[in-house]
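Trainee:
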Amino acid sequence: MSWRGFDVHKLHHGLHQFKTEVHAINEEFFGQLAQGQTPDAVFITCSDSRIVPSLLTQTDPGQLFIVRNAGNIVPPHTDASSGEEATIEYALEGLNVKNIIICGHTKCGAMAGVLQPEKLTNMPSVEKWLVHAQKTKGIIDQHYADLDFDYQHSVVVQENVLVQLENLRALPCVARKLWKREVELHGWVYEIETGEVYVYDPIDEEFEPIRHGRDGSLELADGLSMPR
Ligand SMILES: [Zn+2]
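Quick note, the sequence shown lines up with residues 159 to 386 if you use the numbering used here.
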């Protein structure tokens with residue numbers, strides 16, 4: 159593996175800083191983490207370097223069990239288990255995690271690839287991978303074909319979260335837990351430019367930003383609607 163000198167130096171500096179300034183003053187916390195993990199949620203998101211789940215959610219190590227790939231995709235169940243399915247199954251059965259979040263994001267390169275597959279000619283593996291978002295593409299073609307690219311790009315991110323939630327629900331390990339009401343599924347979209355996270359409300363059928371109520375509780379406000 160080759161690293162550009164600048165990057166590896168920066169990473170080495172970061173490792174040293176973490177060990178001496180973060181780990182050293184939180185030894186008890188990391189000592190407890192070494193005993194085991196009880197994460198609160200499975201967090202499925204894109205590999206995009208601008209998405210930092212623990213920063214976004216202000217969570218500590220041990221709280222999020224993270225699954226990442228291009229386009230926050232959940233491949234459907236097949237006889238050949240995917241890494242995503244195996245990881246989710248482990249979280250549900252091995253760690254008894256009660257929540258699964260699929261978090262898409264604005265300006266997603268994978269979703270741009272869904273809209274413009276002709277630009278993927280030198281990326282055959284990406285093209286094959288995005289077959290799992292073919293249903294998302296179909297929704298855009300059917301309902302948003304007349305809209306400009308920027309609008310389609312915004313909508314495809316939202317629609318893909320919903321399509322991947324469907325795939326998630328259909329995984330046998332998730333379906334079993336849903337049947338027993340032992341897991342809840344959530345669809346989010348993170349807007350990089352504003353820091354806002356939109357949460358899908360299945361009753362209103364739209365993504366709505368989280369607002370803090372006067373008593374400090376979280377509530378949903380009016381948000382992104384997806385006209386059809
Ligand atoms: Zn992305």
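C-beta: ideal position from N, C-alpha, C; glycine also.
Which residues have their C-beta within less than 5 Å of a heavy atom of ligand 1, listed in chain order?
Mentor: C204, D206, C266 and A268
Trainee: Among residues of its own chain, excluding the 5 on either side of P234, which ones have a beta-carbon nearer than 6 Å to its beta-carbon?
Mentor: N325
Trainee: T245 by DSSP, collapsed to three states: which one?
Mentor: helix
Trainee: Report buried or exposed for W337, applying the criterion of at least 16 other Cβ atoms within 10 angstroms of its Cβ.
Mentor: So W337 ends up on the exposed side.
Trainee: DSSP three-state call for S383: helix, strand or coil?
Mentor: Below a pLDDT of 50, predicted positions are generally treated as unreliable, and S383, at 48, falls in that range; the measurement from the model is reported next regardless. Here S383 sits in coil by DSSP.
Trainee: Evaluate contact between the segment 237-246 and the segment 205-216, counting only Cβ atoms and requiring at least three cross-stretch pairs below 8 Å.
Mentor: Taking a cut-off of 8 Å on C-beta distances, the segment 237-246 does not touch the segment 205-216, as fewer than three cross pairs fall below it.
Trainee: Tell me which residues share the same chain as S152 and place their Cβ nearer than 7 Å to its Cβ, disregarding the 5 neighbours each side in the sequence.
Mentor: Residue 152 lies beyond the residue range present for the chain, which begins at 159 and ends at 386; the question has no answer from this structure.
Trainee: Could you check whether Q316 and F109 sit closer than 8 Å to each other, using their CB atoms as the reference points?
Mentor: The requested residue 109 is not part of the displayed model; the chain covers only 159 to 386.
Trainee: Since S253 and T196 are thought to touch, with beta carbons under 8 Å apart, how far apart are those beta carbons, to the nearest angstrom?
Mentor: In the sequence as displayed, the identity of residue 253 is Leu instead of Ser. Correct: roughly 7 Å between the Cβ atoms.
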